[in-house]
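Line by line, the protein sequences give chains A and B.
First residue of the first sequence? That's 35 in the working numbering, and the numbers climb one at a time after it.
First residue of the second sequence? That's 734 in the working numbering, and the numbers climb one at a time after it.
Using N, Cα and C, we set each Cβ at its ideal position, and we do this for glycine too.
The structure under discussion appears below in the form of structure tokens.
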Amino acid sequence: MQFSSQMYILLLGNRCYQVPNTPRRVMVDVAVIGAGQTKYGNHPLGLKAMWAEAATNAFNSVDKNFEANLVDEAFIGSVAFGGGQLGNTAAILTEHSGMKGCSVRRVENACASSGFALRDAMMAIKSGEADIVVAGGIEKMNDLSAERKRYWLGVSGDTEWERLAGLTFPGTYALMARRHFHEYGSNHDDLVNISVKNHMHGFENEFAHIRKEVSFEKAASGFMVADPLTLYDCCPTSDGASCVILAADHVVRDFTDDPIWLKGSGAGSDHLALHDRHSITQMSATQKAVAQAYKSSGVLARDIDLAEVHDCFTIAELMATEDLGFANRGEGGLFARQGRGRRNEGDVAINPSGGLKSKGHPLGATGTGQAVEIFKQLKGTVEAPRQIRDAEIGLTHNVGGSGATCAVHIFGRDR
Amino acid sequence: MMEEEQPIEVAEVDLTEMTEQEILEMAVDKTIVWKGYLACVDEDSCIVQSPWFLGEDCVFGADSDHTTLAIAAIQLLQSEGTQIDSINSLNDVEASIVLMATGVEVMQTSTDDSTELNAEWDLCIGDDAVVLVCKTDCDMDILEPTGGLDVDEQFHQEMTSAWEKECQPEHVSQGAYVSRQQYHEGAAARLNLMSQEVDGELIWPPRQMDEKGNLMPQASIPLQGVATIESWTKLAAAGAPSEFSIRAPLLGGISTVFVRFEQGPRGVFLLVDDEDDNPKIGDQVQFAIRRIYAQEGYIRYGLKCQIIRD
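Right, dumping it as structure tokens:
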């Protein structure tokens, strides 16, 4: 925090602390001034080094000088997959990335952990209590034995009722897919189209886990994982870290003349278990979150140029295109079939990074990883072949588990 | 307990590879199919046995044991209107599971125990996959089920070994975990489909509080034992939760159905391991108690679905 305002001295024990005595501000606008990530995939580094790499990339992306010790608060999303550093995850990571001493905490909301970390970071600034805040996420998934990984996959579902019925997330999303097919006449070819598109988008992304284009025929004939979902409907398990730096409007110009504004945010939750929900072919948590985000930003679905959508399974993207308002209810399959989410061809570029399907899904890192992509797209700094033309407004959609939690954020070049 | 369901006359079901003569003989013999088992019942006795045979030996199916057979036998007697409060048993069945599933207390003792067994019913089990539930003073002229199917010997041996491995105390969870306490907390709903009634609506599985912050009532209304499939999936062995990882490869994956009960609630259940047909949306299912998995030497039992075929 920049201590230009009044200070007072707080005595605790035998130590003195300088505490800012700034009056509470309201209606602070929040900007993204920097964002970076590691490459997703089988990362050779451990947790601390991965986080340091993402943080370094974020710090280096700030247009003007930035120092780690300027950070007031840090919110780091992680499931702590495998239990490697289950407690005090955020403290050890920030300690090793130059942010020692600042207020930190781990945020856990399954795969939406860092989407919520981003929301918490934004709210910390809007509250007036902080000026510069880091939101990030991290997950190390591929250093476990196969059996230990199987134990951890699916820990965010309803352990008592769904897991005892043999379900992990491939199973829960397969139930949604089959029901969507039944209710709306969508089909597996629609999901294949999503898979092919996201692999095509991710092919040019140097940070993507799977940089490989896939033909329709190959994606349509993949190994069956959870009927009707095949291997090409499922995202990979990835290592990765991502880091986003937010700043209050009154300090933004110290760091950049070209900020990306966080125009709106929304979040919602729903029953954890599918059987308790009103419907399994839509996600009310997404609907609540996006309604808030559209309202707070003054943006409508038709204004969005690009969206990073939580496609942990292809059916999740299909449903999200409906829940976010890009397609009418029941027409997510048609949207995919018509290629309306393709980069620089469709109505809105869905998952220009490759999405979770191709870019990868390091659980806790995914939400802020989506924000990294939107930041770079709006700044015009992604690889040229995959740059979305004239991108002005982008959206991130980060879902926890099978839809129990969801955070949506809207970013824009204009304030 | 679940609302009563009627046993299926064996002549009404396709018991796979049996000849017409065999089926006719079974019908004459009063053998019925009940919860996926073969059974004979009269007013003061009931025999339930696995339909699977290895040579002359009646052996357990992939997710059955004496506890699941005993529960089925008691439930069959109850479906006939028989009142049973408690039952004597010298043998090792999971008494707490039987109690939660049927409401019948198992008075257990060992052969060298002098504890007096005062119940009016006996539960007898032997080495085979057969249980007999009978009145203590019933005559021993008891009908026995006939028929059965040959089990693949290798499959049976591998499945038996898999369960032995899974039931070891050192077989523990490293991640997702349902403790014994948590399992028992939900057992009445899990084994008996007990639901809560709120403003005329049935809620299942039970919830703690309503939207106004009031505590929900005790779960005391049993759901009907029939539901309709709204969706289903079959997980490849590689995609199955680790709790099933030892057995899923033997079963060729595990099948889960998402069902709606006629009274409104919905739920997810495994299909019984013996079920080898793919389900369809709209199929009706009934429920039977089977083994789900074991951890730390303790078997978690629960309801699984059987597809009702015309």
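Helix, strand or coil at residue i [DSSP, three-state]
i	result
A/F409	helix
B/Q890	helix
A/S392	helix
B/W937	coil
A/E365	coil
B/Q1028	strand
B/E745	At B/E745, the pLDDT of 44 sits below 50, so the modelled position is not reliable and the matter cannot be decided from this model.
A/Q326	helix
B/I1041	coil
A/G375	coil
A/D106	coil
A/F360	coil
A/I422	coil
A/I444	strand
A/S95	helix
A/R311	coil
A/S147	helix
A/L44	At A/L44 the pLDDT is 49, less than 50, meaning the model places this residue with poor confidence; the figure from the coordinates comes in the next sentence. Of the three classes helix, strand and coil, the one that applies to A/L44 here is strand, per DSSP.
A/W85	helix
B/S778	strand
B/Y1034	strand
Outcome for residue i when other beta-carbon atoms lying within 10 angstroms are tallied against a minimum of 16
i	result
B/Y1031	exposed
A/S249	exposed
B/D860	exposed
A/K160	buried
A/G75	buried
A/S131	buried
A/E240	exposed
A/P419	exposed
A/D273	buried
A/G394	buried
A/G373	exposed
B/P902	exposed
B/K898	exposed
A/P78	exposed
A/R423	exposed
A/F257	exposed
Backbone CA spacing between residue i and residue j [nearest angstrom]
i	j	result
A/T72	A/K98	21 Å
B/D870	B/S783	26 Å
B/I962	A/R311	16 Å
A/C450	A/S276	Here chain A covers residues 35 to 449 and nothing more, so residue 450 of chain A does not appear.
A/A260	B/D777	46 Å
A/S392	A/K246	8 Å
B/L802	B/E1008	17 Å
B/I875	B/G836	25 Å
A/R59	A/T290	Residue placement at A/R59 cannot be trusted, given a pLDDT of 47 that sits under 50; what the coordinates show is reported in the next sentence. Each residue's Cα considered, the two are about 22 Å apart.
B/R980	A/K413	52 Å
B/V990	B/F1002	6 Å
A/D381	B/P955	50 Å
A/L120	B/I1014	41 Å
B/V863	B/L832	19 Å
Closest residue to residue i among the options (Cα-Cα distance)
i	options	result
B/A1027	B/Q841, B/V863, B/L983, B/Y910	B/Y910
A/G111	A/G117, A/E142, A/G135, A/T202	A/E142
B/V866	B/R993, B/D872, B/D855, B/G769	B/D855
A/N385	A/E417, A/K134, A/G428, A/I279	A/G428
B/M892	B/Q1019, B/R1023, B/H799, B/L983	B/L983
B/Q1054	B/G769, B/T764, B/K868, B/T842	Here chain B covers residues 734 to 1043 and nothing more, so residue 1054 of chain B does not appear.
B/V792	B/P938, B/L823, B/I858	B/I858
A/K437	A/V416, A/T415, A/S190, A/Q404	Sequence inspection shows Gly at residue 437 of chain A; the Lys mentioned does not correspond to that position. It is A/S190.
B/P974	A/L201, A/L390, A/V64	A/L201
A/D165	A/T123, A/F369, A/M61, A/D339	A/M61
A/K231	A/D177, A/A114, A/G375, A/M156	A/G375
B/G881	B/L771, B/C900, B/F888, B/H889	B/L771
Beta carbon proximity, residue i to chain D, threshold 9 Å
i	result
A/T320	Looking for chain D here will not work: the only protein chains present are A and B.
Tell me whether the stretch 179–186 of chain A and the stretch 948–956 of chain B touch, counting them as touching only if at least three CB pairs, one residue from each stretch, are closer than 8 Å. In short, these stretches do not touch, since the Cβ pair count stays below three.
Report yes or no: do the stretch 812–819 of chain B and the stretch 784–803 of chain B share at least 3 C-beta pairs separated by less than 8 Å? No, the stretch 812–819 of chain B does not touch the stretch 784–803 of chain B.
Take every Cβ of the stretch 926–935 of chain B, pair it with every Cβ of the stretch 996–1004 of chain B, and state whether three or more of those distances are shorter than 8 Å. Counting C-beta pairs closer than 8 Å gives three or more between the stretch 926–935 of chain B and the stretch 996–1004 of chain B, which meets the contact rule.
Any 3 or more C-beta pairs closer than 8 Å across the stretch 171–178 of chain A and the stretch 914–932 of chain B: The stretch 171–178 of chain A makes no contact with the stretch 914–932 of chain B; the number of CB pairs closer than 8 Å stays below 3.
Does the stretch 87–104 of chain A touch the stretch 312–320 of chain A, meaning 3 or more C-beta pairs lie closer than 8 Å? With the cut-off at 8 Å, the stretch 312–320 of chain A and the stretch 87–104 of chain A do not touch.
The stretch 395–409 of chain A touching the stretch 350–365 of chain A, judged by at least three CB pairs closer than 8 Å: With the rule of 3 Cβ pairs closer than 8 Å, the stretch 395–409 of chain A does not count as touching the stretch 350–365 of chain A.
Touch test, the stretch 964–972 of chain B against the stretch 196–211 of chain A, Cβ-Cβ under 8 Å, three pairs minimum: Under the Cβ criterion (8 Å, minimum of three pairs), the stretch 964–972 of chain B counts as touching the stretch 196–211 of chain A.
Is the stretch 300–308 of chain A touching the stretch 188–206 of chain A in the sense that three or more CB pairs, one from each, lie closer than 8 Å? Between the stretch 188–206 of chain A and the stretch 300–308 of chain A there are three or more C-beta pairs closer than 8 Å, enough to call the two in contact.
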